Each structure stands twice: as structure tokens, then as C-alpha cells.
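Novice: I have a structure I would like to understand better, so I am pasting it below and will then ask my questions one at a time.
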Amino acid sequence: MFSPADNIFIILITGEFIIGILGNGYIGLVNWIDWIKKKKISTIDCILTNLVISRICLISVMVVNGIVIVLYPDVYTKTKLQIVICTFWTFANYLNMWFTACLNVFYSLKVANSSHPLFLWLKRKIDMVVRWILLGCFAISLLVSLIIATVLSHDYRFHAIAKHKRNVTEMFHVSKMPYFEPLTLFNLLAIVPFIVSLMSFFLLVRSLWRHTKQIKLYATGGRDPSTEAHVRAIKTMTLLIFFFFLYYITSLLVNFSYLITNYKLAMAFGEIVAILYPSGHSLILIILNNKLRQASVRMLTCRKIACVT
Numbered sequence: 001m002f003s004p005a006d007n008i009f010i011i012l013i014t015g016e017f018i019i020g021i022l023g024n025g026y027i028g029l030v031n032w033i034d035w036i037k038k039k040k041i042s043t044i045d046c047i048l049t050n051l052v053i054s055r056i057c058l059i060s061v062m063v064v065n066g067i068v069i070v071l072y073p074d075v076y077t078k079t080k081l082q083i084v085i086c087t088f089w090t091f092a093n094y095l096n097m098w099f100t101a102c103l104n105v106f107y108s109l110k111v112a113n114s115s116h117p118l119f120l121w122l123k124r125k126i127d128m129v130v131r132w133i134l135l136g137c138f139a140i141s142l143l144v145s146l147i148i149a150t151v152l153s154h155d156y157r158f159h160a161i162a163k164h165k166r167n168v169t170e171m172f173h174v175s176k177m178p179y180f181e182p183l184t185l186f187n188l189l190a191i192v193p194f195i196v197s198l199m200s201f202f203l204l205v206r207s208l209w210r211h212t213k214q215i216k217l218y219a220t221g222g223r224d225p226s227t228e229a230h231v232r233a234i235k236t237m238t239l240l241i242f243f244f245f246l247y248y249i250t251s252l253l254v255n256f257s258y259l260i261t262n263y264k265l266a267m268a269f270g271e272i273v274a275i276l277y278p279s280g281h282s283l284i285l286i287i288l289n290n291k292l293r294q295a296s297v298r299m300l301t302c303r304k305i306a307c308v309t
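Residue numbers (the working numbering): 1 to 309.
Okay, structure coming up:
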């Protein structure tokens, strides 16, 4: 029998799982249908489609990880299972973070204005090189996850030797260090795509500030289309970076949770908050993206008409 706290955890994580799968699945479905109709896919749709696929994988791994750790901790003590979950989680996590950074960079390049040669080159070439960039993100994520699997497998063998020798001190050292060294280290390195997203955001804000200052000399009132595009992009990126930051902090909490007295509660809280990012941000994308929002309105309208008839 599960405790009341376990039941609350199951309800919350199930709700987040359903919202995340439906939200990200909807974005992928709309882009796929549009791709079939037009026989081609735009750059933003390509990035979004890869992003939502990575998020569906990430949500699934996080839910499995949370349920096993919180509800079946004895099963999780089998180190081979830890290796499998940690490897898949690392791959999906890195993939999601780098694709998110790509999305932010794309918004910045398409909306912001700058005279820097590198910016102008990227602005011209982004549509041609985006698929290679996404492939590079996939390769980096795969490489990191393979390194994690190799390191944890080595620690697993060392753990078996320590257990055979019955050395309590060595057992403690071996059982904790796999989390503190490889997994935590690579989580800290995942701050790189977050920094890339922040740089893109500040570039966009700076561009808006310069643009607003410039049009004050000519505009008589209201906001021009460029200003509106800046504001929409900044709203989208602000919410994305907020969820990104929240997810990154809670991911570190989950990895360092073994240092907390109430380990199980810390893990449950960390998992619930962390899943808000891949689940909740998909809903924000649907609301702020014109194509996705209009598609959802048409779908709801058709459903309402079908119910009436």
C-alpha cells in the first residue's frame, strides 16, 4: 500500500505526464500535417518538431525514474537499472537543452538586428545549416550519454568488488560518487546551452532597445511590426528561460538529493517541479505561436460543430 504522500505524487506526476505528452504530441502532429500538405518543412517547424520529440522522450524517462525511485526504491538499488535510466535521461536531457538553445538562437536571429559580421552571416545561413546544427546537437547528446554509460558501468563493477570485500567505508564512497562525479559533472556542463539561450535573449532585448530608440525619431505613435515581433519573441523567450532555469535547478536538486535527510521527499519534489518545464512550456508555445493557436481553435470549433450536429 502506498502512503497518502505517494498517492499525491502519483496523481501529480500522472497529470503532468498526460499534459506533456498531449501538448508536445499536438505540436508535432500539427507540424507533421503541415509538412505533408506543403511537401516541405520550415526552419522553425523543424526545430520545434525535434524539440517536442526530445521532450516526449525526456518526460517518459523522468516519469519512469520518479516512479521507480519514490515508489520502488528497492528496485532502483539494482545498479544496472540505474545505468540504463541515467543513460537515457542524460541523452534526452542534453538533446532537449540543446534544441531549446537552437530555438532561442533562431528567434534571436530572425527578429533581432545587428551589424556584427558574425550575426549577419548566421542570419543569412541559418535556414541552410539548421539541420546540420540539430544533427550536431544529437551527436553531442549521444556522445555524452555513452560516456555516462561507460563511467557508470565502470563504477558498477567497482561497486561489486567493494561489496564482495564488505568494506563499509568503500561501499559508501562508491555508492555516492557515481552521482557526484559523472552525472552531476555533466549536469553542470549542461549550463552551456542555458548560457547560449541567455545570450540570445539579451541580444534580442538590446536589439529592441536600439530599435525603440531609433523609431522615436520618426514614429508618431503606436508600435511598428518590428517592435511587435521583438515583444512577442521576448515574451516567448522569457517564459522559456524561466522554465529552463527552474528545470536546471531542480535537476541539480535531484542529483544532490542523496545529501538531504529526507531523500525520498526531495526526489519527489524535484521530479514534479522538473517535469513542469517540458510539459508546461509546450502549452505556452501553443498559446504564443500563431499557427499552433489557430490550429487548436479550428480543432475546437470543428469539435463543437460535430457535437451540435
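Heads up, the beta-carbon is just placed ideally off N, CA and C, and yes, glycines get one too.
Owing to the predicted nature of the structure, the values given are computational and were not obtained by experimental measurement.
1. In terms of residue numbering, what span does the alpha helix (DSSP H) encompassing asparagine 24 cover?
2. Around the C-beta of leucine 292, are 16 or more other C-beta atoms found within 10 angstroms, so that it is buried, or is it exposed?
3. DSSP three-state call for asparagine 113: helix, strand or coil?
4. Can you have a look at glycine 66 and say buried or exposed, based on whether 16 or more other CB atoms are within 10 angstroms of its CB?
5. Considering only the alpha carbon of each residue, which of Val192, Phe99, Gly28, Ile33 lies closest to glycine 136?
6. Alpha carbon to alpha carbon, how far is isoleucine 18 from serine 279?
7. In the region 84-144, which residue ranges form an unbroken beta strand (DSSP E) of at least 3 residues, counting only runs that do not cross its ends?
8. Taking 8 Å as the threshold (beta carbon to beta carbon), is phenylalanine 119 in contact with chain B?
9. What distance in whole Å lies between the Cβ atoms of isoleucine 44 and phenylalanine 106, which are believed to be in contact at a cut-off of 8 Å?
10. What is the C-beta distance between isoleucine 148 and leucine 198, in whole angstroms, given that I count them as a contact (C-beta under 8 Å)?
11. Reducing DSSP to helix, strand and coil, say where alanine 229 ends up.
12. Tell me the rounded alpha-carbon separation between asparagine 7 and isoleucine 13.
13. Here's a check: name, in chain order, each residue in its chain whose Cβ is nearer than 6 Å to the Cβ of asparagine 113, leaving out the five neighbours to either side.
14. Would you decide whether serine 141 is buried or exposed? Buried here means 16 or more other CB atoms lie within 10 Å of its CB.
15. Less than 7 Å between C-beta atoms, sequence neighbours within five positions excluded: which residues of the same chain meet that for alanine 92?
16. If we count Cβ pairs, one from each stretch, closer than 8 Å, do we get three or more for the region 231-246 versus the region 21-36?
17. With isoleucine 53 as the anchor, note down where its alpha helix (DSSP H) starts and where it stops.
18. Assign valine 297 to buried or exposed, taking buried as 16 or more other Cβ atoms, counted over all protein chains shown, within 10 Å of its Cβ.
19. Run the CB neighbour count on leucine 103, radius 10 Å, all protein chains shown included, and call it buried at 16 or more, exposed below.
20. Using only alpha-carbon positions, find the residue among Thr250, Lys264, Ile272 that is nearest to leucine 71.
21. So for asparagine 289, helix, strand or coil by DSSP?
22. To the nearest angstrom, how far is the alpha carbon of threonine 90 from that of valine 144?
23. Please tell me whether leucine 253 and alanine 268 are closer than 8 Å, where the distance is taken between their beta carbons.
24. Identify, in the order they occur along the chain, each residue of the same chain with its Cβ nearer than 8 Å to the Cβ of leucine 312, setting aside the five sequence neighbours on each side.
25. Please state whether DSSP places alanine 190 in a helix, a strand or coil.
26. Excluding the 5 residues preceding and the 5 following asparagine 96 in the sequence, name in chain order all residues of the same chain whose CB lies nearer than 6 Å to its CB.
27. Work out the CA separation of serine 3 and aspartate 74 for me, nearest whole Å.
28. Please state whether the Cβ-Cβ distance between valine 273 and threonine 301 is less than 8 Å.
29. I need the straight-line Cα distance from histidine 159 to isoleucine 191, nearest angstrom please.
30. Assuming valine 111 and leucine 204 are in contact, meaning their beta carbons sit under 8 Å apart, how far apart are those beta carbons, in whole angstroms?
31. Decide if phenylalanine 180 is buried, meaning its Cβ has at least 16 other Cβ atoms within 10 Å, or exposed.
Specialist: Let me spell this out:
1. Within the sequence shown, the letter at position 24 stands for residue 24. Element bounds for asparagine 24: 4-38.
2. Against the sequence shown, residue 292 aligns to sequence position 292. Leucine 292 comes out buried.
3. Taking the sequence shown and counting its residues from 1, the one referred to as residue 113 is at position 113. Residue state, collapsed to three classes: coil.
4. For the purposes of this step, residue 66 is identified with residue 66 of the sequence shown, where counting begins at 1. Buried, by the Cβ-count rule.
5. Position 136 of the sequence shown, counted from the start, is the residue given in the question as residue 136. Measuring from the Cα of glycine 136, the nearest candidate turns out to be Phe99.
6. Translated into positions along the sequence shown, residue 18 becomes position 18. Translated into positions along the sequence shown, residue 279 becomes position 279. Rounded to the nearest angstrom, the two C-alpha atoms are 9 Å apart.
7. none
8. Protein chains in the displayed structure number just one, and chain B is not present.
9. Here residue 106 refers to the residue found at position 106 of the sequence shown. Here residue 44 refers to the residue found at position 44 of the sequence shown. Yes, phenylalanine 106 and isoleucine 44 are in contact; Cβ-Cβ is about 6 Å, under 8 Å.
10. One-based indexing of the sequence shown puts residue 148 at position 148. One-based indexing of the sequence shown puts residue 198 at position 198. With 8 Å as the limit, isoleucine 148 and leucine 198 do not qualify as a contact, their Cβ atoms being about 25 Å apart.
11. Residue numbering aside, residue 229 sits at position 229 when the sequence shown is read from its first letter. Alanine 229 falls in the helix class under three-state DSSP.
12. The count along the sequence shown starts at 1 and reaches residue 7 at position 7. The count along the sequence shown starts at 1 and reaches residue 13 at position 13. Distance between the alpha carbons of asparagine 7 and isoleucine 13 is about 10 Å.
13. Mapped onto the sequence shown, residue 113 falls at position 113. Only Ser207 meet the Cβ criterion.
14. Along the sequence shown, one-based indexing puts residue 141 at 141. With 16 or more other Cβ atoms within 10 Å, it is buried.
15. As a working mapping, residue 92 is identified with position 92 in the sequence shown. The answer, listed in chain order, is Ser54, Cys57, Leu58, Val61.
16. no
17. As a working note, residue 53 is residue 53 in the sequence shown. Isoleucine 53 -> alpha helix (DSSP H) spans 43-71.
18. Taking the sequence shown and counting its residues from 1, one reaches residue 297 at position 297. It counts as exposed.
19. Residue 103 sits at position 103 when you count from the first residue of the sequence shown. With 16 or more Cβ atoms within 10 Å of its Cβ, leucine 103 is classed as buried.
20. Residue numbering aside, residue 71 sits at position 71 when the sequence shown is read from its first letter. Cα-wise, what sits closest to leucine 71 is Lys264.
21. For the purposes of this step, residue 289 is identified with residue 289 of the sequence shown, where counting begins at 1. Residue state, collapsed to three classes: coil.
22. For the purposes of this step, residue 90 is taken as residue 90 along the sequence shown, with counting starting at 1. For the purposes of this step, residue 144 is taken as residue 144 along the sequence shown, with counting starting at 1. Between threonine 90 and valine 144, the C-alpha separation is close to 7 Å.
23. On the sequence shown, residue 253 is found 253 positions in, with the first residue counted as 1. On the sequence shown, residue 268 is found 268 positions in, with the first residue counted as 1. No; because the gap between Cβ atoms is not below 8 Å, this pair is not in contact.
24. Outside the shown range of the chain (1 to 309) lies residue 312, about which nothing can therefore be said.
25. Taking the first residue of the sequence shown as 1, we reach residue 190 at position 190. Residue state, collapsed to three classes: coil.
26. The sequence position of residue 96 within the sequence shown is 96, counting from 1. Ser54, Arg55, Leu58.
27. Along the sequence shown, one-based indexing puts residue 74 at 74. Along the sequence shown, one-based indexing puts residue 3 at 3. Going by the C-alpha atoms only, they are around 16 Å apart.
28. Working through the sequence shown from its first residue, we reach residue 273 at position 273. Working through the sequence shown from its first residue, we reach residue 301 at position 301. Going by C-beta atoms, valine 273 is not nearer than 8 Å to threonine 301.
29. Working through the sequence shown from its first residue, we reach residue 159 at position 159. Working through the sequence shown from its first residue, we reach residue 191 at position 191. Annotation note: pLDDT 49 at histidine 159 (below 50); position unreliable, coordinate value reported separately. Approximately 30 Å between the Cα atoms of the pair.
30. Taking the sequence shown and counting its residues from 1, the one referred to as residue 111 is at position 111. Taking the sequence shown and counting its residues from 1, the one referred to as residue 204 is at position 204. Right, the Cβ-Cβ distance comes to about 6 Å (below 8 Å), so this counts as a contact.
31. In the sequence shown, the residue the question calls residue 180 occupies position 180. Reliability fails at phenylalanine 180, whose pLDDT of 48 lies under 50, so the model's placement of it is uncertain and the value that follows must be treated cautiously. Flag for phenylalanine 180 reads exposed.
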